[in-house]
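Counting from 1392, one number per residue, gives the positions in the sequence shown under our numbering. Note that the Cβ used here is the ideal one computed from N, Cα and C, for glycine as well. Note that the structure is a prediction, hence the values are computed from the model and not measured. Everything on this sheet refers to the single structure shown next.
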Amino acid sequence: MKKKICFVVSSPITVRAFLYNHIRELSRDYDIYLVANLVNENMDTLKDIPLVEIKSIPLFRKINIVQDTKALLLLRRYLKENNFDAVHSVTPKAGLIAMTAARLSGIKNRIHIFTGQVWHTQKGFMRALLKFMDICIATNSTCILVDGQSQREYLIQNKIIKAKDSKVLGKGSISGVDTNRFVPDDLVSQYMRKELGIEPHEIVFMFLGRLNKDKGIFDLIDAFLKLKEKYQDIRLLLIGFDEENIESITRLKYQNIDSIYFGGPTTIAEKMIQACDIFCLPSYREGFGTSVIEASLLEKPIICSDTYGLRETIINDKTGLRHEVSNVDGLYLLMETLVINKEKRMLLGKNGRQYVLDNFSGQTITNEWIKFYNKLLGDV
1392 MKKKICFVVS
1402 SPITVRAFLY
1412 NHIRELSRDY
1422 DIYLVANLVN
1432 ENMDTLKDIP
1442 LVEIKSIPLF
1452 RKINIVQDTK
1462 ALLLLRRYLK
1472 ENNFDAVHSV
1482 TPKAGLIAMT
1492 AARLSGIKNR
1502 IHIFTGQVWH
1512 TQKGFMRALL
1522 KFMDICIATN
1532 STCILVDGQS
1542 QREYLIQNKI
1552 IKAKDSKVLG
1562 KGSISGVDTN
1572 RFVPDDLVSQ
1582 YMRKELGIEP
1592 HEIVFMFLGR
1602 LNKDKGIFDL
1612 IDAFLKLKEK
1622 YQDIRLLLIG
1632 FDEENIESIT
1642 RLKYQNIDSI
1652 YFGGPTTIAE
1662 KMIQACDIFC
1672 LPSYREGFGT
1682 SVIEASLLEK
1692 PIICSDTYGL
1702 RETIINDKTG
1712 LRHEVSNVDG
1722 LYLLMETLVI
1732 NKEKRMLLGK
1742 NGRQYVLDNF
1752 SGQTITNEWI
1762 KFYNKLLGDV
């Protein structure tokens, strides 16, 4: 009889984006169950994932004492009825409720993976509250995974977790990158640039991810517009879901932004990234910069901040260039360096692809998850 693992997430999007390959491989030896908030969600996104059961429990990202208490009680009952061999949570709210419910249900193996800290850029009461929530997650877990070594060190320094109870699988990243999907292709690059109206001689910077202040979007816009005063043949593509009305604010705050393109979310990152020459992530906080290793795999040179969480994603001056968090002048200088030095752009990109192939391939990370569970559940 197979042992049973239950993954708990707030949204099924998390499963599709980060857990699909892990679950597919783990399902060969274990019965995999999923708990998620399926309200107003399209179940088709999960139909090809080998799950024994999908249980809908209203796990919401925002704090709501009534809703969260209801979710805790429902999840506790479900876990107790099924007597899982392991419960594994992803994302903060799911982790808080799942690890508490699993402990109350007497689940022996309670695993949470930290993928970033919202409180890093918060202040006052909200910072204290969110930190306390992470401490509760860690206290109720029996094993803590972190998707990057620098993030793990940060959590230890902030007394959220203990070194003896936490680990990073492989070199980091929750899922790695699909090396069959992210393949450099000149024809794809030419096609995407043509679709976006980009001239062959133009140098294109790109950000791809959630558009919000914590990602350093306004720093990037400021640095780019300053650079535009000196170099006319450059563009900036901002691709991703606009969480904080960044586009509207930009249009009100700045003039002459015709060279900045807001593209909205994309399902073809492996093609979209190939439209750019330089990939930028000037983030204020990051768990692990997956978009950075995706761009590196496509041979794009990287410019990113030195925030914890991005320190594993590049090797400074070998696969990319690093600037201080919120240092617009430093960001500007690195952007100018790569505008005027095509040879350096090409070298950083080539080195970056090899670095990701050596350390962050999706199959490598999945193998680490399998080894982790085989050891944890005694199936080595």
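Problem set entry | Residue nearest to LYS1691 in terms of C-alpha spacing, selected from SER1682, THR1698, LYS1395 and LYS1555 | Along the sequence shown, read from residue 1 onward, the residue named residue 1691 stands at position 300. Closest by alpha carbon: SER1682.
Exercise. Taking Cβ to Cβ, would you say GLY1753 is nearer than 8 angstroms to ASP1569?
Worked result: Residue mapping note: residue 1753 aligns to position 362 of the sequence shown, counting from 1. Residue mapping note: residue 1569 aligns to position 178 of the sequence shown, counting from 1. Yes, Cβ-Cβ distance for GLY1753 and ASP1569 is below 8 angstroms.
For this session: Indicate whether ASP1605 and SER1541 have their beta-carbon atoms separated by less than 8 angstroms.
Result: Within the sequence shown, residue 1605 is the residue found at index 214, counting from 1. Within the sequence shown, residue 1541 is the residue found at index 150, counting from 1. No, Cβ-Cβ distance for ASP1605 and SER1541 is not below 8 angstroms.
For this session: Pull up the DSSP beta-bridge partners for ARG1501, would you.
Result: If you number the sequence shown from 1, residue 1501 lands on position 110. Beta-bridge partners of ARG1501 (DSSP): VAL1478.
Exercise. What do you reckon, is the C-beta of GLY1743 under 7 angstroms from a heavy atom of the ligand GDP?
Worked result: This structure does not include the ligand GDP; it has no bound ligands of any sort.
Problem set entry | Nearest candidate by alpha-carbon position, reference LEU1470, set GLU1727, ARG1501 and PHE1451 | On the sequence shown, position 79 is the one that residue 1470 refers to. Closest by alpha carbon: ARG1501.
Problem set entry | Cβ pair TYR1424, CYS1397 closer than 8 angstroms | Locating residue 1424 in the sequence shown gives position 33, where the first residue counts as 1. Locating residue 1397 in the sequence shown gives position 6, where the first residue counts as 1. In contact: TYR1424 and CYS1397 (Cβ atoms closer than 8 angstroms).
For this session: Please work out which residues of its chain come closer than 6 angstroms, Cβ to Cβ, to VAL1771, disregarding the five sequence neighbours upstream and downstream, and give them in chain order.
Result: Walking along the sequence shown from the start, residue 1771 turns up at place 380. Confidence in VAL1771 is poor, its pLDDT being 49 and thus under 50, which makes the residue's placement unreliable; the coordinate value appears in the next sentence. Cβ neighbours of VAL1771 beyond the five flanking positions: ASN1765.
Problem set entry | For TYR1652, three-class secondary structure by DSSP | In the sequence shown, counting from the first residue as 1, residue 1652 sits at position 261. Looking at TYR1652 - three-state DSSP - the assignment turns out to be strand.
For this session: Note down the Cα distance separating LEU1520 from CYS1671, rounded to an integer number of angstroms.
Result: Start at 1 with the first residue of the sequence shown, and residue 1520 comes out as number 129. Start at 1 with the first residue of the sequence shown, and residue 1671 comes out as number 280. Looking at the two C-alpha atoms, the distance is approximately 31 angstroms.
For this session: Find out if the Cβ-Cβ distance for the pair ARG1736, ILE1630 is shorter than 8 angstroms.
Result: One-based indexing of the sequence shown puts residue 1736 at position 345. One-based indexing of the sequence shown puts residue 1630 at position 239. No; because the gap between Cβ atoms is not below 8 angstroms, this pair is not in contact.
Exercise. Does the segment 1593-1611 touch the segment 1628-1648, meaning 3 or more C-beta pairs lie closer than 8 angstroms?
Worked result: Short answer: they touch.
Exercise. Thinking C-alpha only, which one of LYS1555, TYR1645 and TYR1652 is nearest GLY1588?
Worked result: Numbered from its first residue, the sequence shown carries residue 1588 at position 197. Of the candidates LYS1555, TYR1645 and TYR1652, the one whose C-alpha sits nearest the C-alpha of GLY1588 is TYR1652.
For this session: Please list the segments of the beta strand (DSSP E) lying wholly inside the segment 1634-1694, counting only runs of 3 or more residues, in order along the chain.
Result: If we require 3 residues or more, the beta strand (DSSP E) runs fully inside the segment 1634-1694 come out as 1651-1655 and 1669-1672.
Exercise. What residue from ASN1455, THR1460 and PHE1409 has the CA that sits closest to LEU1437's CA?
Worked result: Stepping through the sequence shown from its first residue, residue 1437 is reached at position 46. The option with the nearest alpha carbon to LEU1437 is PHE1409.
Exercise. For VAL1595, which of helix, strand or coil comes out of DSSP?
Worked result: Walking along the sequence shown from the start, residue 1595 turns up at place 204. Under the three-state reduction of DSSP output, VAL1595 falls in the strand class.
Problem set entry | Paired residues, beta bridge with GLU1444 - DSSP | Taking the first residue of the sequence shown as position 1, residue 1444 is located at position 53. BP columns for GLU1444 point to TYR1424.
Problem set entry | Nearest to GLU1620 (by Cα), restricted to the options LEU1643, ARG1642, TYR1723 and TYR1545 | Sequence index remark: in the sequence shown, residue 1620 carries index 229 (1-based). Nearest to GLU1620 by alpha-carbon distance, out of LEU1643, ARG1642, TYR1723 and TYR1545, is TYR1723.
For this session: State the Cα-Cα distance for the pair GLU1593 and GLY1567, rounded to the nearest angstrom.
Result: Working through the sequence shown from its first residue, we reach residue 1593 at position 202. Working through the sequence shown from its first residue, we reach residue 1567 at position 176. Rounded to whole angstroms, the gap between the alpha carbons of GLU1593 and GLY1567 is 31 angstroms.
For this session: Pull up the distance between the alpha-carbon of ASP1576 and that of LYS1662, whole angstroms please.
Result: Within the sequence shown, numbered from 1, the residue matching residue 1576 stands at position 185. Within the sequence shown, numbered from 1, the residue matching residue 1662 stands at position 271. Looking at the two C-alpha atoms, the distance is approximately 9 angstroms.
Problem set entry | Rounded C-alpha distance that separates ILE1535 from TRP1760 | For the purposes of this step, residue 1535 is taken as the residue at position 144 of the sequence shown. For the purposes of this step, residue 1760 is taken as the residue at position 369 of the sequence shown. Taking C-alpha positions only, ILE1535 is separated from TRP1760 by approximately 13 angstroms.
For this session: Could you tell me which of LYS1585, SER1639 and ARG1676 sits nearest to GLY1607, measuring between CA atoms?
Result: If you number the sequence shown from 1, residue 1607 lands on position 216. Residue ARG1676 is the option with its Cα nearest to GLY1607.
For this session: Please go through the same chain and pick out, in chain order, the residues whose beta-carbon is closer than 7 angstroms to the beta-carbon of LYS1741, but skip the five residues on each side of it.
Result: Taking the sequence shown and counting its residues from 1, the one referred to as residue 1741 is at position 350. Once the five neighbours on either side are set aside, the close Cβ partners of LYS1741 are GLU1690.
Exercise. Between LYS1617 and GLN1623, what straight-line distance do the alpha-carbon atoms span, to the nearest angstrom?
Worked result: For the purposes of this step, residue 1617 is identified with residue 226 of the sequence shown, where counting begins at 1. For the purposes of this step, residue 1623 is identified with residue 232 of the sequence shown, where counting begins at 1. LYS1617 and GLN1623: Cα-Cα distance of roughly 11 angstroms.
For this session: Pull up the CB-CB distance for SER1717 and ASP1610, whole angstroms please, since I reckon it's below 8 angstroms.
Result: Within the sequence shown, residue 1717 is the residue found at index 326, counting from 1. Within the sequence shown, residue 1610 is the residue found at index 219, counting from 1. About 6 angstroms separates the beta carbon of SER1717 from that of ASP1610, a gap short enough to meet the 8 angstroms contact definition.
Problem set entry | Nearest-angstrom Cα separation, counted from ARG1543 out to LYS1499 | Taking the first residue of the sequence shown as 1, we reach residue 1499 at position 108. Taking the first residue of the sequence shown as 1, we reach residue 1543 at position 152. C-alpha separation (whole angstroms): 23 angstroms.
Problem set entry | Residue burial classification, TYR1699 (beta-carbon count within 10 angstroms, cutoff 16) | What you label residue 1699 is simply residue 308 of the sequence shown in a count that begins at 1. Within 10 angstroms of the beta-carbon of TYR1699 lie 16 or more other beta-carbons, which makes it buried.
Problem set entry | Residues of its chain near LEU1429, where Cβ-Cβ distance is below 8 angstroms and the 5 sequence neighbours each way are ignored | Here residue 1429 is taken as the residue at index 38 of the sequence shown, counted from 1. Taken in chain order, the residues that qualify are PRO1403, ILE1445 and SER1447.
Exercise. Based on Cα-Cα distance, which residue from ALA1477, GLU1734 and LYS1484 lies nearest to GLN1458?
Worked result: Against the sequence shown, residue 1458 aligns to sequence position 67. Answer by Cα proximity: LYS1484.
Problem set entry | Runs of beta strand (DSSP E) lying entirely within the segment 1560-1608, each at least 3 residues, in chain order | Complete beta strand (DSSP E) runs here, min 3: 1594-1599.
Problem set entry | Where GLY1711 sits in the DSSP three-state scheme | Position 320 of the sequence shown, counted from the start, is the residue given in the question as residue 1711. In the displayed model, GLY1711 falls within a strand according to three-state DSSP.
Exercise. Is VAL1771 helix, strand or coil by DSSP?
Worked result: The sequence position of residue 1771 within the sequence shown is 380, counting from 1. For VAL1771, the predicted structure reports a pLDDT of 49, less than 50, and the residue's modelled location is therefore unreliable. The matter cannot be settled from this model.
Exercise. To the nearest angstrom, how far is it from the Cα of ASN1571 to the Cα of GLN1581?
Worked result: Locating residue 1571 in the sequence shown gives position 180, counting from the first residue. Locating residue 1581 in the sequence shown gives position 190, counting from the first residue. Each residue's alpha carbon lies about 20 angstroms from the other.
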